[in-house]
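Chains as they are written, first to last, in my numbering: chain A, 9 to 525; chain B, 12 to 343; chain C, 416 to 744. We treat Cβ as the ideally placed atom computed from N, Cα and C, and that holds for glycine. All of these numbers come straight from a predicted model, not from anything done at the bench.
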Amino acid sequence: MRTRGDGNGLLQGNGVLELMDIRKSFGGIDVLKGISIKAAAGRIHALVGENGAGKSTLIKVTAGVVQPDSGSIGFDGAERRWRSPGEAKSFGIHVIYQEFVQFPDLSVAENIFLGDKRVSPGGLLNRRVMLQQARELLAKLGVEIDPSVLVGELSVADQQMVEIAKALSHEVKLLILDEPTAVISGREAELLFVKLRQLRDEGVAIIYVSHRLEEIFELCDDVTVIKDGEPIGTRLVAEVDQATLVSMMVGRRLADLYPPRRRFDKPPVTVLNASDISSGARVKGCSLQLRQGEITALAGMIGSGRTELAMALFGGLPLDGGSIEIDGSSFHRMTPAKAIALGIGLLTEDRKNEGLAMQLDVAANVTAASLEDVTRNGLLDKAAEARIAETAIADYRIACRGASMPVAQMSGGNQQKVLLARWARKARRVLILDEPTRGVDVGAKADIYRMMQDAANRGLAILMISSELPEVVGMADRVVVMRDGLIAGELQGADIDERAIMTLATRAHDAGLKVAA
Amino acid sequence: MSAATLNPAAAKASAKGLRRPASLQGHERLATVVVLLLTLLLVGALVSDRFRSLGNLQNVYEQSVGLALISLGQTVVILTGGIDLSVGSLISLLSVLTSGLIDGHPERITDVVAGILLLGLAVGGLNGLLTIWLGVHPLIVTLGTGAALQGLTLLYSSDSAGSVPPSFEFFAYGRVLGMPAGATLTLLVFLVVAFLLRGTRQGRYVFAVGGDPNAATLLGLPTRRVLVSVYAFSGLCAATTALYVVSRFGVGQPYTGANYTLASITPVVIGGTLLAGGKGGVMGTLLGVYLMALLNNLLNFLDISSHYQLVIQGVIVIVAVSAFTGRRARRS
Amino acid sequence: MDSILAATAVRSQVSPAPARWLAVARRHAGICVAVLFLAAASVAAPSLFKAGNLANMALQFAPLGIVVVGQMLVILVRGLDLSVSSVMATSAVMATAFSGRDADLVWIVPLAIGLGAMVGATNGLLVTKRNVSPFLATLATMIVLQGARNAWTQGAPSGNVPPLLRALGAGMTAGIPNNAVALLVIAALTFVLLHLSTFGRRVYLVGGSPNAARLVGIAVDRVTITAYVMSGIFAAIAGLVLAGYVSVVDNWVGKNFELDSIVAAVMGGIALSGGKGGVGGALMGAAILVVLSNAVVIVGLPIHVQLVMKGFIIVLAAALYAAKSRRAR
Chain A
9 MRTRGDGNGL LQGNGVLELM DIRKSFGGID VLKGISIKAA AGRIHALVGE NGAGKSTLIK
69 VTAGVVQPDS GSIGFDGAER RWRSPGEAKS FGIHVIYQEF VQFPDLSVAE NIFLGDKRVS
129 PGGLLNRRVM LQQARELLAK LGVEIDPSVL VGELSVADQQ MVEIAKALSH EVKLLILDEP
189 TAVISGREAE LLFVKLRQLR DEGVAIIYVS HRLEEIFELC DDVTVIKDGE PIGTRLVAEV
249 DQATLVSMMV GRRLADLYPP RRRFDKPPVT VLNASDISSG ARVKGCSLQL RQGEITALAG
309 MIGSGRTELA MALFGGLPLD GGSIEIDGSS FHRMTPAKAI ALGIGLLTED RKNEGLAMQL
369 DVAANVTAAS LEDVTRNGLL DKAAEARIAE TAIADYRIAC RGASMPVAQM SGGNQQKVLL
429 ARWARKARRV LILDEPTRGV DVGAKADIYR MMQDAANRGL AILMISSELP EVVGMADRVV
489 VMRDGLIAGE LQGADIDERA IMTLATRAHD AGLKVAA
Chain B
12 MSAATLNPAA AKASAKGLRR PASLQGHERL ATVVVLLLTL LLVGALVSDR FRSLGNLQNV
72 YEQSVGLALI SLGQTVVILT GGIDLSVGSL ISLLSVLTSG LIDGHPERIT DVVAGILLLG
132 LAVGGLNGLL TIWLGVHPLI VTLGTGAALQ GLTLLYSSDS AGSVPPSFEF FAYGRVLGMP
192 AGATLTLLVF LVVAFLLRGT RQGRYVFAVG GDPNAATLLG LPTRRVLVSV YAFSGLCAAT
252 TALYVVSRFG VGQPYTGANY TLASITPVVI GGTLLAGGKG GVMGTLLGVY LMALLNNLLN
312 FLDISSHYQL VIQGVIVIVA VSAFTGRRAR RS
Chain C
416 MDSILAATAV RSQVSPAPAR WLAVARRHAG ICVAVLFLAA ASVAAPSLFK AGNLANMALQ
476 FAPLGIVVVG QMLVILVRGL DLSVSSVMAT SAVMATAFSG RDADLVWIVP LAIGLGAMVG
536 ATNGLLVTKR NVSPFLATLA TMIVLQGARN AWTQGAPSGN VPPLLRALGA GMTAGIPNNA
596 VALLVIAALT FVLLHLSTFG RRVYLVGGSP NAARLVGIAV DRVTITAYVM SGIFAAIAGL
656 VLAGYVSVVD NWVGKNFELD SIVAAVMGGI ALSGGKGGVG GALMGAAILV VLSNAVVIVG
716 LPIHVQLVMK GFIIVLAAAL YAAKSRRAR
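Structure (structure tokens):
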């Protein structure tokens, strides 16, 4: 048991975990570019950064799920390498992932002790001991859960407690929590914080990843900000305020990629009016208007429900509540076919699994949503298809060997252009783009921005979901920010800047900011 | 096989958190089977007096051994989210090998039986290894090995092979303390396996791997070892079924296993084990076995030809599988 | 289940780019396996391609070819049809169920096709609306049909095949088998449907990514059911042709055709994961399988070696495809 630090200066007590200059790249993309971070015993260390900053990769490196390309890991004073999550666990490192590593059809006690040799001498499960120890662990966490109940029957908050109990069943030296309050809130979150403080006081080192800045101020002792795989800085929470944190997270100058901002002479006509949309667990009642010729960005942290909202508008996910008003009618149910007929197009986030037919060529993919344009008497009009494809290749500057090149062989940027071409020719009212420049090189990005602008100028209402703040600021006429399934706020015109967006997305409050209602 | 398509209905159900409580579903299923079983007994007793005789029921119990043993192995494989389509061919092969190698010589029995069991274990293990090494879905692997095994069987003998001495009958016909030896042994085996699955650490691994293989690997569980083991076990079960068949008929025949493949899956799905894996158990399968055996028996007494029995079996499978679309309809 | 494979996949080292011939070989994995077998066979049995043998093989080609074309459609939409052998057998029995005269064909043909369509529709509905796995759904319908058929024939089918059908199934005109006409018609029809029509484009979109297809407004369920229905109809037609070929319909007519059609499809480049392959490949796979099966017999190997060989091919080809798609990811 280690004693708690007295709070003066950074890293009181022994540094339990020290990552030094960790680098990791996946498929040629540098995700971590030399991160160093120290987590001390008896302290809660926050890790913040925007989407794609590298937080989850860092966690995976720490937990032994992936191996760093270079850099060293020091644990408990000695340099270590772990080849598997099991090894990391044996050193006392436990992670509570956002997606719980649980089995819904096994009981709480079984989940907690799965694979644990201590309650299964000679292979035989000692259920009495398992139940008893499970009860004790859960009691220590202050929750009343019957350990013989199947995990699938528990509420999400209780499931999270089971995850924590799992960690606690071993001697924990370092506990990492990845966005724990993404699935719980309010009172349950408070209870969680109480537990975490208890653990901290017992000498456990805790790394707490969250984008909810108010939580960090409530709970954590230190905070490290990372951005684009690089460390921006580590501070004592007591020595920063929210505005500073937000600046650290975003501070970047705008690249010159974006077409010049446009001016609207008169307020544009509303083309789509979505009222109180709810769908599944992720979208809890959002209202949104999309206007002709306007580029509206939908911003927010991962998990805030943006993709689900877009899918609901398009009919890709069921509409549990609310209505969509378009073309003079109001709809309480939507399907992709209906949406397309109404003039809505959706460029999905996952182009490989939900967008392209990877085994087909450019022409087939470009015409996939407009088959009626290449059909003559039920047969494919290959000439028309070729014409459409060639036009698309020229207009969108798609780099390929020709319309019959398989899309699987193309770069991400060009694949995205193919999808853009598909939808731009089909959508006549609304075009929804979900992360249009993800995995796209800079040159293609510029092209895609230009195309978006052209489409808007032609009168389309564009809804762009993006996690790249510079892109949002550069392209959007209007920004709608989502948080936890609801619309947190809207920004218009000159009010759009990265800090304002981040503030709304993370529930930080900044007095000096004008926020459009 | 390929992943299930994104199913809006399933997405809707899981997104809403709309799930019937898991254990209720499990018990519900078992209860349904028990009710069906009792109903069948009742209806049968009323409709046919030959059916309701104790001697008949004992006969059914006795003759359920073959189906029970092979369904046991299939249950465990399905629990991991896989399937073994090679069992029918393996039974054919091992049964002709048994009677062919013993060929009437009682002194050979011990060695041959041991060899057959080991061979079943080995072939099953090979299925598991191929699945892992080649990265091919067990459905395809066992479809292929099943074909190859049937070919090997026919190469060894295109007709019944050899024979076994009368002492070999004991498995199928013998009695111990008035109870049918084979059937009671089978019941005990089921109980043991049920215990192993629920009461040992490694047994829980089976459910974990079937429930979420990625999570299992993330937790550091020996996923590959589990997979090879369950297929080896299925092969072992095929071996014991082959021994039973030879014991029952006195000889092994090359096409004897033909119907066993689908027949081994029916009791599993009736008994509540999900094809997607991770949920279910062997006792449900046993109940399913008794249900199918009694059903066939009753149909025989009602003079409904065995052909219709096939029809009914197919229909039952369809109903059983489609009536309860599991939570994991869209796992990919 | 696919996640089990991902979870247990051997972690591959980054390997240097393979030699060009290797890349080509991988792209046409199934064909390469088959060609290897073929080469071995023709070396071992030069008499394979003698005139008499060729005629024999040509006659065997049509029934298999017709079924494979149907199986291909189902596999293209990420399915599998194990019920084809049962449909074939039942259709063959129907051919003998009447008086054995040509006039009966007026009844036989529509009935058989209707049967195939119905079975296909059942399969398709089970797979799409009830979410039953294709293998189990088609296995179950196969068994149900088998039972029904056996019950009808009391296990001993009898009766005569109408002479016209026999001429179609076993006769030759100017050295070319008549049943090739049936195959040609079906293959041509399917070719037009699959490669020239918009429906075919939908099939490939669904097979490539059912999610993506749904999100461009394609009625994925309808496309899938159509594929199963067509497979059923083709199997029924193949059954009639087969009845004509064997002219004596017994309980074993159509046996193993489900396995054969899958093996042939896989060899013909139809990827079991869906969305890849075409009519040409299907026919080639069927042809190769016919040649291989004959080679086994001509070489003097016991006929059952065919089964072993088919098992090998399936596993090998599937493994090669799996390796290829892992690399592509």
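Euclidean distance between Cα positions of residue i and residue j
{"i": "VAL480 of chain A", "j": "ASN59 of chain A", "result": "13 Å"}
{"i": "LEU808 of chain C", "j": "ALA392 of chain A", "result": "As displayed, chain C neither begins before 416 nor continues past 744, which places residue 808 of chain C out of reach and without an answer."}
{"i": "VAL711 of chain C", "j": "LEU722 of chain C", "result": "10 Å"}
{"i": "THR284 of chain B", "j": "PHE218 of chain B", "result": "11 Å"}
{"i": "GLY696 of chain C", "j": "THR399 of chain A", "result": "32 Å"}
{"i": "GLY157 of chain B", "j": "VAL88 of chain B", "result": "15 Å"}
{"i": "SER168 of chain B", "j": "GLY126 of chain B", "result": "18 Å"}
{"i": "SER646 of chain C", "j": "GLY623 of chain C", "result": "19 Å"}
{"i": "GLY690 of chain C", "j": "ARG299 of chain A", "result": "39 Å"}
{"i": "MET28 of chain A", "j": "ALA48 of chain A", "result": "14 Å"}
{"i": "PHE206 of chain B", "j": "GLY77 of chain B", "result": "21 Å"}
{"i": "LEU188 of chain B", "j": "LEU198 of chain B", "result": "15 Å"}
{"i": "GLY336 of chain A", "j": "THR383 of chain A", "result": "30 Å"}
{"i": "VAL705 of chain C", "j": "PHE476 of chain C", "result": "6 Å"}
{"i": "LYS274 of chain A", "j": "LEU468 of chain A", "result": "16 Å"}
{"i": "MET459 of chain A", "j": "TYR216 of chain A", "result": "40 Å"}
{"i": "ALA550 of chain A", "j": "ASN281 of chain A", "result": "The structure shown does not extend to residue 550 of chain A, since chain A is modelled only from 9 through 525, so no value can be given for it."}
Contact with chain A by residue i, beta-carbon distance below 8 Å
{"i": "THR631 of chain C", "result": "Per the sequence shown, the amino acid found at residue 631 of chain C is Val instead of Thr. Yes, its Cβ sits closer than 8 Å to a Cβ of chain A."}
{"i": "GLN213 of chain B", "result": "yes"}
{"i": "GLY289 of chain B", "result": "yes"}
{"i": "GLY295 of chain B", "result": "no"}
{"i": "ALA21 of chain B", "result": "With a pLDDT of only 38 at ALA21 of chain B, under 50, the local geometry of the prediction cannot be trusted, and the value read off the model is given with reservation. No, ALA21 of chain B does not count as interfacial toward chain A."}
{"i": "GLY283 of chain B", "result": "no"}
{"i": "SER573 of chain C", "result": "no"}
{"i": "LEU611 of chain C", "result": "yes"}
Closest Cα partner of residue i within the set the options
{"i": "MET169 of chain A", "options": "A:LYS148, A:ARG271, A:LYS181 and A:GLU179", "result": "A:LYS148"}
{"i": "THR65 of chain A", "options": "A:PRO268, A:VAL245 and A:ILE37", "result": "A:ILE37"}
{"i": "ALA165 of chain A", "options": "A:LEU176, A:VAL151, A:LYS174 and A:VAL157", "result": "A:VAL151"}
Cβ of residue i within 8 Å of any chain B Cβ
{"i": "PHE614 of chain C", "result": "no"}
{"i": "PRO717 of chain C", "result": "yes"}
{"i": "ASP154 of chain A", "result": "no"}
{"i": "ASP113 of chain A", "result": "yes"}
CB contact check: residue i to chain C, cutoff 8 Å
{"i": "ILE214 of chain A", "result": "no"}
{"i": "PRO93 of chain A", "result": "no"}
{"i": "VAL322 of chain B", "result": "yes"}
{"i": "GLY325 of chain B", "result": "yes"}
{"i": "LEU387 of chain A", "result": "yes"}
Alpha helix (DSSP H) runs contained entirely in the segment 515-595 of chain C, provided each spans 4 or more residues: 520-544, 549-568 and 578-585
Proximal residues, the segment 490-505 of chain C versus chain A, C-beta separation under 7 Å: none
Alpha helix (DSSP H) segments (min. 4 residues) lying fully within the segment 632-669 of chain C: 635-661
Beta strand (DSSP E) segments (min. 3 residues) lying fully within the segment 337-412 of chain A: 337-339 and 352-355
Proximal residues, the segment 214-226 of chain B versus chain A, C-beta separation under 7 Å: ARG215, PHE218, ALA219, GLY222, ASP223 and ALA226
Near-chain C residues of the segment 361-374 of chain A - C-beta to any C-beta below 8 Å: ASN361, GLU362, GLY363, LEU364, ALA365, MET366, GLN367, LEU368 and ALA372
Segments assigned beta strand (DSSP E), at least 3 residues, entirely inside the segment 198-228 of chain B: none
Segments assigned alpha helix (DSSP H), at least 4 residues, entirely inside the segment 459-497 of chain A: 477-483
Beta strand (DSSP E) segments (min. 3 residues) lying fully within the segment 162-196 of chain A: 182-186
Whole alpha helix (DSSP H) elements within the segment 38-89 of chain B, 4-residue minimum: 65-74
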